[in-house]
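Presented below is the structure to which this report refers.
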Amino acid sequence: LGIGKMIEEVNSLKAEGNLHYESGNWEKAKEYYNKALKACPSEDKVTLAALLKNMAAVSLKLEDYVSAENQASQALECAPNDPKALYRRSTARSCLNKYSEALADAKRALHYEPNNKAIVKQFQDLNIIIQKNAEKLSSTEAKLQDMLKICFSVEANVENRIQALHNIMVLVGFNDGARLFTECGGLARLMKLIDDESNTDLLLAAFRVLTELATSEERLGFLLKVADSKTIVYLLNCSDDRCCQAAVVLVQRCFNTLAAMDFQKQKLPDEIVVERNKVKIVGFLFELKRILVDPTVSAMGRDCAIQLLSKILPHRVGGLPKGWSLEFVQNDGLDRLMTVGCSIPERALVPVTYETRDYLALCLTNIYDDMLSDKNRSIYTDRMEKFIQTKREKITDGVKIEICSLFTTLLGGPVDVAFQFVAKPEFTQLLLEMAASDDQLNQSVAVEAIMHTVSKRDRCSVFLAQGKSVLKKLFNSSNDVVRVKALVGLCKISSSGGNDISMRPTGELSMLRLANICKKYLLENKSIDICRWAAEGLAYLTLDADVKEWLVSDVNLIRRLVAFAKQAGQLCVFGVSTILVNLTNTYDKKEPEPELIELAKFAKHHIPVANPKDSDEYVKNRIELLVNEGAVSACVALSNTESERCREFLASDSQSGVHGGIAGGPRRHFQMSTPSQPSHITRHVDASFTHSVHSIQYNNYSGSKSPYRTPSCSLHIK
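Counting with the numbering used here, you get residues 11 to 728 for the letters of the sequence shown.
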């Protein structure tokens with residue numbers, strides 16, 4: 011297009027945006043102004059300034075004050091000293107409690123338009139606010155000194171110290187209060203308290219103060235003057251779970267502020283803000299990378315660092331802008347994650363837990379999925395291949411365990427990458443050698459890798475052929491851990507036909523025979539680790555409807571699974587949640603088109619045969635029985651997981667007649683619906699709404715005979 015045509019298009023889009031703005035349709039106005047900005051030639055500074063001012067006005071209406079401030083600042087770059095841009099930036103800064111900066115903007119705007127009543131009023135109002143704040147600050151300083159005395163006094167009552175910290179948290183929520191707290195040495199003393207204190211409740215209160223400081227760029231600046239990114243990130247290195255989670259919230263808040271993003275509010279990062287804070291963001295990421303391979307860091311702290319990277323890096327799930335995950339891969343970040351993947355609790359290069367592998371698999375998957383081009387995916391795979399090749403150069407028994415452990419992690423994460431290596435003959439030989447070893451640790455690591463490999467019938471036929479005999483041999487091991495892992499592998503092979511009744515194996519791999527062995531482990535063994543594996547084996551077998559009916563007929567086994575979910579929590583999330591999903595048929599299942607079935611018959615292709623025990627009547631009976639035995643409480647115990655697949659809540663409350671057993675279900679549904687998965691939101695809201703509608707008939711006002719009912723919860727859904 012020529013310049014004239016481009017200007018004409020921009021003016022048309024701008025006019026359309028103005029119409030929507032005048033009619034109060036802010037979102038539509040924003041959409042058209044954005045289109046106009048993209049179409050506007052970069053050399054047309056006047057039009058750019060006008061559009062950016064309009065965008066700032068829309069952002070003010072939408073109460074997105076950070077964006078309004080940035081847009082007004084960009085407008086001033088195009089048209090310095092524009093009074094309208096100054097006024098709008100002043101308004102945005104006032105709403106962000108940046109009163110001094112807002113007053114400076116209002117003063118400049120007043121210089122250019124001294125008779126503008128709106129600017130005059132803004133200037134007067136800001137003067138009054140700043141004067142009142144100065145008066146408050148003088149009295150606040152005395153109060154702050156009193157609070158600091160209580161807070162840092164070892165002789166003071168713990169409850170009083172915690173209350174003093176809560177008061178300080180409120181104070182530092184304002185820029186002037188944060189400045190005062192920092193200048194009087196309170197922040198430095200607070201960091202020392204965190205280093206020296208052992209009382210968990212007091213530490214949590216201190217973490218809340220730091221998190222409040224990290225909520226805005228200016229206040230975060232005060233924090234970073236006293237505590238650098240290393241000090242903040244290394245707060246993850248603690249042994250108490252609650253303190254560790256508080257540190258996670260703090261580090262996540264730092265990233266949210268530096269990138270102007272918020273996953274929970276579906277707010278994507280602002281690239282201008284990210285560029286402005288690039289050095290600080292790189293500093294935080296460097297420290298998170300360092301913590302991965304630091305042997306002095308606790309296993310819990312390492313798990314938290316992996317979880318943070320899993321959320322912060324991938325743009326696809328609401329993390330940093332595109333390109334950051336690729337830089338992480340290229341700058342040895344992927345190598346460090348793989349170093350953690352080489353560790354197991356029994357033989358750790360760095361301290362890890364049994365949950366570390368799951369967190370790591372999710373992180374590796376999220377980063378791989380963020381490699382949006384073949385070139386980027388190739389870089390990811392090449393880095394991994396180089397890492398593995400370096401390991402293989404000096405092969406020892408210990409290195410074999412490390413490589414095998416890494417492949418097991420990959421098979422639970424980016425499967426496409428894993429099978430590029432797993433299908434190679436040298437890896438097959440390595441596994442078979444380790445499985446044949448007399449060393450029980452070698453056997454345990456090998457059987458777990460084989461167990462993950464044999465689940466893909468179409469991608470690793472070599473292991474399906476050889477793995478079965480190896481698993482049978484290892485199932486006769488004297489070590490219970492080796493035996494139960496081999497059992498899970500056999501369960502995977504047995505269930506590889508899915509719910510196709512015609513593909514069920516018989517004999518020693520009979521599903522019911524294997525299910526009874528899993529049951530024995532669950533009912534008779536008290537080891538959480540062994541029960542976890544037994545539950546996972548049962549999860550694969552419950553694809554078969556006969557096993558489903560067998561399981562629900564055993565009340566003791568159901569109660570044991572519910573109790574185990576409450577006891578083990580995150581450790582058994584895959585096994586127990588999959589069993590419940592399979593029993594209730596709440597997995598996604600597409601019905602084949604009749605024409606495709608006829609075509610398959612004509613081509614003599616195999617057509618899956620459904621089990622009649624998977625009909626709606628059987629499913630309804632199973633759901634009612636599960637709810638009556640407390641299955642929903644098991645779901646709640648398992649629901650605090652990062653895995654999107656496992657967060658699909660058991661939809662048993664879609665059946666009428668069972669709602670009395672699921673009090674609190676709707677609330678948990680809403681907590682589990684995540685912005686990154688719209689289909690999950692639909693599912694959770696739908697189930698919550700169904701529960702609420704059915705609850706209406708039970709919630710009469712006490713003593714009332716009126717037909718009026720009150721629902722158990724109200725829904726506000728766009």
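Note that beta-carbon positions come from the ideal geometry of N, C-alpha and C, so glycine has one too.
Quick caveat, the model's predicted, so the values are computed rather than measured.
CB of residue i within 9 Å of CB of residue j, strictly
i    : j    : result
L420 : I377 : no
T463 : V432 : yes
K576 : D624 : no
V572 : E634 : no
G422 : R367 : yes
T225 : G187 : no
A555 : V498 : no
C3   : C528 : Lying before the first or after the last residue shown, residue 3 is absent from the chain, which here runs from 11 to 728.
Y75  : S69  : yes
R312 : I301 : yes
F417 : A459 : yes
Which of helix, strand or coil DSSP assigns to residue i
i    : result
K277 : strand
I354 : strand
D342 : coil
D272 : strand
S22  : helix
V646 : helix
M394 : helix
A496 : helix
M381 : coil
R678 : Note that R678 has pLDDT 49, beneath the 50 cutoff, so the model's placement of it is unreliable and no number is given.
I160 : helix
L306 : Going by the sequence as given, residue 306 is Thr instead of Leu. Correct three-state label for T306: coil.
E627 : helix
Q450 : helix
P435 : helix
Y244 : helix
F294 : helix
E123 : coil
S683 : Residue placement at S683 is flagged as unreliable, the pLDDT there being 49, under the threshold of 50; the coordinate-derived value follows with that caveat. If DSSP states are grouped into helix, strand and coil, S683 belongs with coil.
F699 : With a pLDDT of 39 at F699, under the threshold of 50, the predicted position of this residue should be treated as unreliable, though the coordinate-derived value follows. In the structure shown, F699 sits in a helix (DSSP, three-state: H, G or I).
V236 : helix
E53  : coil
E145 : helix
Of the listed residues the options, nearest to residue i (C-alpha basis)
i    : options                : result
G223 : D206, E207, I242       : The sequence shown places Leu at residue 223, rather than the Gly named in the question. Answer by Cα proximity: I242.
L318 : K299, A644, G27        : K299
S320 : E356, D304, C352, V258 : V258
S479 : G579, D490, I503, N489 : I503
Y628 : E145, L500, L593       : L593
R98  : K240, K71, L29         : K71
Q262 : G329, S163, L374, D345 : G329
E151 : R118, L113, A119, G195 : G195
L175 : R189, Q155, E193, P124 : Q155
R493 : S520, D539, N44        : D539
G343 : S353, L382, V303       : V303
L295 : L213, D380, R346       : R346
I354 : K396, K410, T375       : K410
H325 : T375, A371, E297, V360 : T375
Q274 : F133, V327, T306       : V327
Residue i, enclosing alpha helix (DSSP H) - first and last residue
i    : result
A95  : 93-105
H325 : Per DSSP, H325 belongs to no alpha helix (DSSP H) and is neither H nor E.
A89  : Neither: A89 is in no alpha helix (DSSP H) and is coded neither H nor E.
F429 : 425-432
F191 : 185-193
Q173 : 168-181
D556 : 555-562
Q577 : 565-578
G196 : 196-206
N526 : 521-534
F217 : 210-223
K410 : 407-421
S587 : 583-594
CB contact below 9 Å: residue i versus chain B
i    : result
D345 : This model lacks chain B altogether, as it is built from one protein chain only.
Problem - At least 3 beta-carbon pairs within less than 8 Å: the stretch 247-254 vs the stretch 56-69 - result: By the Cβ criterion, the stretch 247-254 is not in contact with the stretch 56-69, since fewer than three pairs of Cβ atoms, one from each stretch, lie closer than 8 Å.
Practice task
Could you tell me whether the stretch 208-222 touches the stretch 279-298, using the rule of 3 or more Cβ pairs below 8 Å?
Solution key: Here the stretch 208-222 does not lie against the stretch 279-298, with fewer than 3 beta-carbon pairs under 8 Å apart.
Exercise for the section: Evaluate the contact criterion for the stretch 34-49 versus the stretch 87-95: three or more CB pairs, one atom per stretch, below 8 Å. Expected result: no
Exercise for the section: Spell out a yes or no on whether the stretch 442-456 and the stretch 387-404 are touching, meaning 3 or more CB-CB pairs, one atom from each, closer than 8 Å. Expected result: no
Practice task
Say whether the stretch 264-274 touches the stretch 227-238, bearing in mind that this needs 3 or more beta-carbon pairs closer than 8 Å, one atom from each stretch.
Solution key: yes
Practice task
Report yes or no: do the stretch 122-132 and the stretch 205-213 share at least 3 C-beta pairs separated by less than 8 Å?
Solution key: no
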